[in-house]
Amino acid sequence: MHNFDFVKPGTVADAAAALQGDEAQPLGGGQTLIPTMKQRLAAPETLVSLIGIAEMQGVCKTDAGELSIGGATTHATVEAEAASLFPGLAGLAGRIGDPAVRNRGTIGGSLANNDPAACYPAAALATGATIRTDKREIAADDYFQGMFTTALDEGEIIVEVRMPIPEKSNYQKFLQPASRFALTGVFVAKYADGVRVAVTGASEEGVFRWTEAEQALGSNFAADAISGLSVSADGMINDLHGTPEYRAHLVKVLTGRAVMAAA
Amino acid sequence: MEKFGKSQAVRRVEDVRFLTGEGRYVDDIAPDGALHAYVFRSPVAHAVITGLNTDDAKAADGVHLVLTAADLQDAGLTMDIKASLIRNRDGSKGAGPKRPLLATDRVRFVGEPVAVVVADTVEQAKDAAELIEFDFDELDAHVTVAPGGPDLHPEALENVAFDYGKGDLNAVEEAFANAAHVVEAQIDDNRVIVSSMEPRGCWAEWTNGRLHLCVNGQGVWDQKDGLVNVFGLQPDDIRVTNPDVGGGFGMKAMTYPEYYIIPQAARMLGRPVRWMSERTEAMLSDNAGRDLTSTVALAFDADHKITAYRVDTLCNLGAYNSELGQFIQTDLFAKVLMGTYDVQTTWLGVKGIFTNTTQVDAYRGAGRPEAIYALERAIDYAARQLGVDPWELRRKNFIRPDQFPYKTATGELYDVGDFARVLTRVEAEADKAGFPARKAQSKAQGKLRGLGLCYYIESILGSPTEDAKVTFNDDGTASIYVGTQSNGQGHETVFAQFLSDQTGIPADKISVIQGDSDLIATGGGTGGSRSVTVQSMATLATVDKMITGFTDFLAEDQDVDPNAISFDDERFRIDGSNLTPTMLEVADMARAAGHADLLSFAAQTTLPGRSYPNGAHVAEIEIDPDTGVVEVVKYTVTDDFGNLINPMLAEGQVHGGVAQGIGQAITEHVVYDPDGQLLTASFMDYGLPRANDMPMVTFYSEPVPSTQNPMGMKGCGEAGTVGALAAVANAVLDAVWDEGIYKVDMPFTPNRVWTILQEAKGAAA
Ligand SMILES: Cc1cc2nc3c(=O)[nH]c(=O)nc-3n(C[C@H](O)[C@H](O)[C@H](O)COP(=O)(O)OP(=O)(O)OC[C@H]3O[C@@H](n4cnc5c(N)ncnc54)[C@H](O)[C@@H]3O)c2cc1C
């Protein structure tokens with residue numbers, strides 16, 4: 027790891043100011059960024075820690091019936107505090123990594139990083155979440171722009187994530203045998219006005235919505251509703267843990283299981 | 032006292048230290064002020080070196096030294112790392128290309144050491160390493176375990192390092208020609224990365240021309256010999272120590288370039304130098320295990336008795352010969368080639384292949400798991416082909432109890448065994464009879480269930496000779512000096528317990544001293560499941576000397592006939608006297624009487640023969656056909672380990688061995704790309720088994736005491752791994768056989784299993 031400066035501001039404004047500096051980068055839980063720095067694949071000059079910012083912490087239900095999660099809230103906190111409000115999300119948070127990762131890693135870090143195998147992007151997309159930054163609000167459908175790519179500008183801070191709370195939801199995570207990230211993961215969220223299905227871990231384009239399944243499930247929220255559908259292997263990730271065909275197949279299997287678990 | 036002691040399940044005393052962070056591993060005890068070394072390694076698998084400029088690195092902050100092959104040459108360090116060479120079929124020796132300490136003109140695998148930077152801190156050393164200018168012309172890489180491809184070494188035509196043969200090929204061919212049935216199969220045994228919990232590391236310090244190398248090895252003496260060789264020093268000028276070691280599995284038994292370069296750096300700088308491998312570095316530079324493919328064939332008579340067995344193997348050596356690399360799939364494989372079956376007509380042919388991958392050598396079991404895997408897969412498959420019960424086919428071919436001692440076709444003398452008895456026991460314990468009902472239950476849940484048996488036998492290896500020394504210390508305690516070396520197995524507990532059982536000295540008053548060539552002149556280290564057998568035998572001989580010495584002393588002191596004195600495992604008894612001193616008390620008396628010669632006893636013993644632990648592993652697995660996930664759901668072991676010195680630790684060895692076996696069978700998947708880049712170079716991609724991948728392993732002991740050591744025991748350190756591989760693989764084949772799948776190969780990762788299920792569906796459609 028190369029040397030760097032470290033600042034820990036108490037407000038979003040101070041953090042935003044600190045991020046104006048050359049080669050400054052936000053630091054959430056450090057569960058992705060620190061290992062990358064240790065491997066010398068990243069060498070920011072200044073790390074701006076976001077975990078001391080009070081307004082970026084915690085989980086609550088808004089008047090509009092959304093779940094609001096502070097951008098620097100850890101996975102463990104979401105697991106605990108969303109348990110009764112949004113069990114599908116709490117279940118997702120509780121299966122990220124291991125206890126050490128869950129007690130450091132944050133939702134903002136996960137969404138900013140947009141790892142193609144990460145879990146939170148599936149929840150954000152499936153709920154049609156709003157990503158609020160220090161500058162603007164971004165709809166999930168516009169936010170994810172491919173593997174490790176998002177609508178965020180350099181130095182832009184995810185301050186809050188708001189997710190409409192579904193009537194029913196479930197996340198099925200198929201473990202990559204080594205890393206235990208999602209080899210493929212599917213988040214199904216059922217609302218009064220429709221169903222959204224988001225898939226992570228599978229596509230070379232990053233997290234995506236399986237719209238055919240959404241339609242089928244919209245009229246019949248049952249696992250057999252998708253039995254006639256199939257997912258194309260085109261554009262699916264090919265690596266030593268899964269071929270494109272395997273991932274495409276898993277998308278369907280996991281969607282069915284998620285519906286079964288949610289229904 | 033029984034010669035095997037009280038056979039109590041004494042808990043591991045060292046665990047308190049290990050689990051509370053009090054272990055003292057090599058990196059915990061580096062001398063104050065030691066400089067840090069970082070190894071700059073080849074980023075490519077095969078290339079001609081065209082330039083290596085370290086000027087900027089040398090000038091970097093905090094850097095004290097940068098060493099390249101040229102620098103070592105200038106310093107007179109021209110020796111390469113030695114490896115033993117196997118005999119070819121034609122009597123010549125296998126290829127022995129030079130394995131340099133640092134790459135000279137070519138690099139041959141990703142991770143090969145090229146230069147070493149020594150600096151005040153490891154970060155400075157890494158910073159400097161980024162300034163090394165390393166220029167090369169890449170060559171095509173050879174990564175398939177087959178002859179041909181771009182040559183790595185001029186000594187090995189077509190990359191074939193050796194062509195080994197053992198057995199009477201003509202007789203085998205004749206038996207096959209006359210066979211009623213022949214069953215042939217091709218069986219892959221996948222490569223594994225050893226992944227000891229503590230990676231390799233060492234530090235070196237010179238004091239008045241004397242070298243101290245502290246390294247996390249499996250014994251200090253071989254490493255000392257290596258240093259004598261490379262540095263041309265007198266043995267007395269070298270001290271090698273092994274502190275607490277976090278797992279070795281054979282990988283740490285072998286020597287590596289760092290163990291010479293670090294001492295050389297320390298010598299040149301006049302300061303201690305330390306090096307600790309990181310995980311990815313370990314995955315790239317530690318000896319790997321297994322990595323072979325075998326074509327096996329069994330010949331049967333009309334009654335399904337095996338008449339001949341033939342194995343033709345291609346095994347991967349990696350880019351260079353490691354110390355024992357050429358012996359694993361040849362001589363060591365041959366030890367148990369025919370397993371537990373009474374067949375005298377066998378052939379083992381092996382070609383060793385150089386590839387642009389990290390060197391391959393011993394891994395828990397070293398050749399014997401590979402042999403048993405091939406054989407037990409073959410016999411299981413043969414039973415299916417012949418349409419007979421796999422258990423009965425084994426039973427029919429077992430060496431019978433009345434045939435012992437039994438000389439095998441490959442020259443081993445099995446002392447005792449009762450394989451049918453062990454098999455009968457495991458059949459009941461595993462509830463084989465209930466399997467069809469369990470299979471039906473799984474099916475109702477959409478799962479495919481399979482049951483697999485492996486009947487293994489193991490041959491205890493390593494040096495049969497070992498030393499023990501017991502001293503009585505001024506503070507009223509005793510110490511036992513051992514020539515074996517714990518890598519975490521629990522030696523401190525067992526050796527103290529064993530001495531305590533035999534002498535009555537309380538175990539908490541006994542300290543076990545190991546791993547210091549200054550304190551212990553010779554020893555065999557840990558390896559080949561040898562430790563408890565060889566060490567206990569040496570301890571028994573030492574205890575005999577103690578009893579004799581103390582008896583004579585008491586006789587003289589008390590003025591009685593030595594025959595009037597006896598030792599009852601706790602106290603000395605003297606006919607007609609109330610004096611009943613313990614060992615420690617006699618030692619005190621001897622000390623008071625000025626008898627220093629009675630405060631230290633030593634003995635060396637050599638086992639008359641090897642022991643042959645054997646047993647049956649029965650695995651039940653479930654496959655989720657929707658995802659290809661294989662889960663081991665039930666696991667039963669019945670072992671013949673002879674008498675158990677500490678039943679709990681023996682069972683623990685089985686648990687760990689089974690975990691490593693299940694790891695290789697299901698989760699551990701090493702992948703190199705065609706350019707020789709290791710794609711599984713961190714735990715993000717290399718899947719070690721986790722606790723929740725493990726079933727409850729039930730263990731039963733069905734002992735037939737060995738006749739080849741006074742304890743009647745059999746080594747148990749490797750047995751678990753030997754049994755697990757084929758048990759799991761046979762269970763997987765059993766589960767998919769009805770789907771029309773007749774060949775399955777490890778590792779059974781979800782993607783691979785799902786893919787073969789899809790292929791079968793496609794073929795059926
Ligand atoms: C062993 C292990 C297992 C894991 N398993 C899983 C898993 O199963 N599923 C899963 O989804 N993830 C997994 N992760 C990743 C984990 O969830 C991380 O917490 C997450 O990827 C990053 O969050 P962080 O807070 O640690 O971010 P950091 O590492 O601090 O930062 C990551 C990136 O996001 C930026 N950033 C951080 N916070 C913000 C913010 N508020 N606004 C804008 N940019 C920001 C940083 O600058 C950096 O570029 C695992 C990680 C590890 C180490």
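Going line by line, the protein sequences match chains A and B.
The first sequence begins at 27 in the working numbering and counts up one residue at a time.
The second sequence begins at 32 in the working numbering and counts up one residue at a time.
A virtual CB, placed ideally from N, CA and C, is assigned to each residue, including glycine.
Give the single residue among B:Val342, B:Thr344, B:Gly240 and B:Pro432 whose Cα lies nearest to the Cα of tyrosine 445 of chain B. Translated into positions along the second sequence, residue 445 of chain B becomes position 414. That would be B:Pro432, whose Cα lies nearest to the Cα of tyrosine 445 of chain B.
Is glutamine 39 of chain B buried or exposed, if buried means 16 or more other CB atoms sit within 10 Å of its CB? The residue you call residue 39 of chain B lines up with position 8 of the second sequence. The residue is exposed, with fewer than 16 neighbouring Cβ atoms inside 10 Å.
Backbone CA spacing between tyrosine 512 of chain B and leucine 571 of chain B [nearest angstrom]: Within the second sequence, residue 512 of chain B is the residue found at index 481, counting from 1. Within the second sequence, residue 571 of chain B is the residue found at index 540, counting from 1. Cα to Cα, tyrosine 512 of chain B sits roughly 13 Å from leucine 571 of chain B.
Identified DSSP bridge partners for cysteine 346 of chain B: Along the second sequence, one-based indexing puts residue 346 of chain B at 315. Answer is B:Leu323 and B:Gly383.
What are the residues in the stretch 137 to 165 of chain B lying within 9 Å of chain A by C-beta distance? Glu154, Lys157, Asp158 and Glu161
Which whole runs of the alpha helix (DSSP H) in the stretch 130 to 180 of chain B are 4 residues long or more, in chain order? 153 to 160
Under 8 Å between the Cβ atoms of alanine 10 of chain B and tyrosine 412 of chain B? Look at the range of chain B in this structure, 32 to 796, and you will see that residue 10 of chain B is not part of it.
First through last residue of the beta strand (DSSP E) which encompasses methionine 820 of chain B: No answer is possible for residue 820 of chain B: it lies beyond the span of chain B, which begins at 32 and ends at 796.
Within the continuous alpha helix (DSSP H) that includes methionine 679 of chain B, where are the two ends? Sequence index remark: in the second sequence, residue 679 of chain B carries index 648 (1-based). Counting along the chain, the alpha helix (DSSP H) containing methionine 679 of chain B begins and ends at 678 to 693.
For the beta strand (DSSP E) containing phenylalanine 503 of chain B, name the first residue and the last one. By 1-based counting over the second sequence, the position of residue 503 of chain B is 472. Run containing phenylalanine 503 of chain B: 496 to 503, per the beta strand (DSSP E) assignment.
Taking Cβ-Cβ distances below 9 Å as the criterion, which residues of the stretch 705 to 721 of chain B are in contact with chain A? Leu710, Thr711, Ser713, Phe714, Met715, Asp716, Tyr717, Gly718, Leu719 and Arg721
For glycine 281 of chain B, which three-state DSSP category applies? Residue numbering aside, residue 281 of chain B sits at position 250 when the second sequence is read from its first letter. Looking at glycine 281 of chain B - three-state DSSP - the assignment turns out to be coil, as it is neither helix nor strand.
Name the DSSP beta bridge partners of tryptophan 234 of chain B, please? Within the second sequence, the letter at position 203 stands for residue 234 of chain B. According to DSSP, tryptophan 234 of chain B bridges with B:Cys245 and B:Arg305.
Chain B within 8 Å of histidine 101 of chain A, Cβ atoms only: As a working mapping, residue 101 of chain A is identified with position 75 in the first sequence. No, histidine 101 of chain A does not count as interfacial toward chain B.
Classify phenylalanine 174 of chain A: buried if its beta carbon has 16 or more other beta carbons within 10 angstroms, exposed otherwise. Within the first sequence, residue 174 of chain A is the residue found at index 148, counting from 1. Exposed, because fewer than 16 other Cβ atoms sit within 10 Å of the Cβ of phenylalanine 174 of chain A.
Own chain, CB closer than 7 Å to arginine 130 of chain A, minus 5 neighbours either side, in chain order: For the purposes of this step, residue 130 of chain A is identified with residue 104 of the first sequence, where counting begins at 1. These residues qualify, in order along the chain: Gly55, Gly56, Gln57 and Thr100.
Can we say the stretch 50 to 60 of chain B touches the stretch 111 to 119 of chain B, given the rule of at least three CB pairs closer than 8 Å? no
For a contact defined as C-beta to C-beta under 7 Å, what are the partners of leucine 45 of chain A on chain B? Residue numbering aside, residue 45 of chain A sits at position 19 when the first sequence is read from its first letter. Those do not exist, as leucine 45 of chain A stays about 26 Å from chain B at its closest Cβ, beyond 7 Å.
For asparagine 782 of chain B, go through chain A and note every residue whose CB falls closer than 8 Å to its CB, in chain order. For the purposes of this step, residue 782 of chain B is identified with residue 751 of the second sequence, where counting begins at 1. Those within 8 Å of asparagine 782 of chain B in chain A are His267, Gly268, Thr269 and Tyr272.
Where tyrosine 146 of chain A sits in the DSSP three-state scheme: Looking up residue 146 of chain A in the first sequence gives position 120. Note: tyrosine 146 of chain A maps to helix in three-state DSSP.
Would you identify the three-state DSSP class for glutamine 566 of chain B, choosing helix, strand or coil? As a first step, residue 566 of chain B must be located in the second sequence, where it is residue number 535. Correct three-state label for glutamine 566 of chain B: helix.
Limits of the beta strand (DSSP E) - the one that asparagine 645 of chain B falls within: In the second sequence, residue 645 of chain B corresponds to position 614, counting from 1. Here the beta strand (DSSP E) through asparagine 645 of chain B covers 645 to 655.
Could you tell me if the beta carbon of isoleucine 403 of chain B falls within a distance shorter than 7 Å of some heavy atom in ligand 1? Here residue 403 of chain B refers to the residue found at position 372 of the second sequence. No, Cβ of isoleucine 403 of chain B sits at least 7 Å from all heavy atoms of ligand 1.
Look at the alpha carbon of aspartate 87 of chain B and the alpha carbon of aspartate 166 of chain B, and state the distance between them as a whole number of angstroms. On the second sequence, position 56 is the one that residue 87 of chain B refers to. On the second sequence, position 135 is the one that residue 166 of chain B refers to. Their Cα atoms are separated by approximately 15 Å.
How about tryptophan 785 of chain B: is its C-beta nearer than 8 Å to some C-beta of chain A? Looking up residue 785 of chain B in the second sequence gives position 754. At least one chain A Cβ lies under 8 Å of tryptophan 785 of chain B.
Mind the definition here: the stretch 706 to 724 of chain B touches the stretch 309 to 316 of chain B only if three or more C-beta pairs lie below 8 Å; say whether that holds. yes
Please list the terminal residues of the continuous alpha helix (DSSP H) segment that includes methionine 620 of chain B. Your numbering for residue 620 of chain B matches position 589 in the second sequence. From DSSP, the alpha helix (DSSP H) with methionine 620 of chain B extends over 614 to 623.
Please confirm whether threonine 210 of chain A and leucine 276 of chain A have their CB atoms less than 8 Å apart. In the first sequence, the residue the question calls residue 210 of chain A occupies position 184. In the first sequence, the residue the question calls residue 276 of chain A occupies position 250. In this structure, leucine 276 of chain A lies closer than 8 Å to threonine 210 of chain A by Cβ.
How far does the beta strand (DSSP E) with lysine 197 of chain B in it reach, from first residue to last? By 1-based counting over the second sequence, the position of residue 197 of chain B is 166. Element bounds for lysine 197 of chain B: 191 to 198.
Would you verify that the beta carbon of proline 293 of chain A is, or is not, closer than 8 Å to some beta carbon of chain B? Missing from the structure shown is residue 293 of chain A; chain A here goes from 27 to 289 and no further.
With 8 Å set as the bound, which would you pick, yes or no: does the beta-carbon of methionine 27 of chain A sit closer than that to a beta-carbon of chain B? Taking the first sequence and counting its residues from 1, one reaches residue 27 of chain A at position 1. Closer than 8 Å: yes.
Against chain A, does aspartate 657 of chain B count as a neighbour if the rule is that its beta carbon must be under 8 Å from one of theirs? Along the second sequence, read from residue 1 onward, the residue named residue 657 of chain B stands at position 626. Chain A, which has a Cβ nearer than 8 Å to the Cβ of aspartate 657 of chain B, makes this yes.
Quick one: measure Cβ to Cβ for leucine 266 of chain A and leucine 710 of chain B, integer angstroms, because I've assumed they're closer than 8 Å. One-based indexing of the first sequence puts residue 266 of chain A at position 240. One-based indexing of the second sequence puts residue 710 of chain B at position 679. At roughly 6 Å, the Cβ-Cβ gap stays under 8 Å, so leucine 266 of chain A and leucine 710 of chain B are in contact.
For threonine 637 of chain B, count neighbouring C-beta atoms within 10 Å of its own C-beta (all shown protein chains included) and say buried if the count is 16 or more, exposed if not. Within the second sequence, numbered from 1, the residue matching residue 637 of chain B stands at position 606. Exposed.
For ligand 1, is there a heavy atom less than 7 Å away from the beta-carbon of isoleucine 536 of chain B? As a position in the second sequence, residue 536 of chain B is number 505, starting the count at 1. No, ligand 1 has no heavy atom inside 7 Å of this Cβ.
Considering only the beta carbon of each residue, do threonine 502 of chain B and leucine 585 of chain B sit closer than 8 Å? By one-based count along the second sequence, residue 502 of chain B stands at place 471. By one-based count along the second sequence, residue 585 of chain B stands at place 554. Result no, Cβ atoms of threonine 502 of chain B and leucine 585 of chain B do not sit closer than 8 Å.
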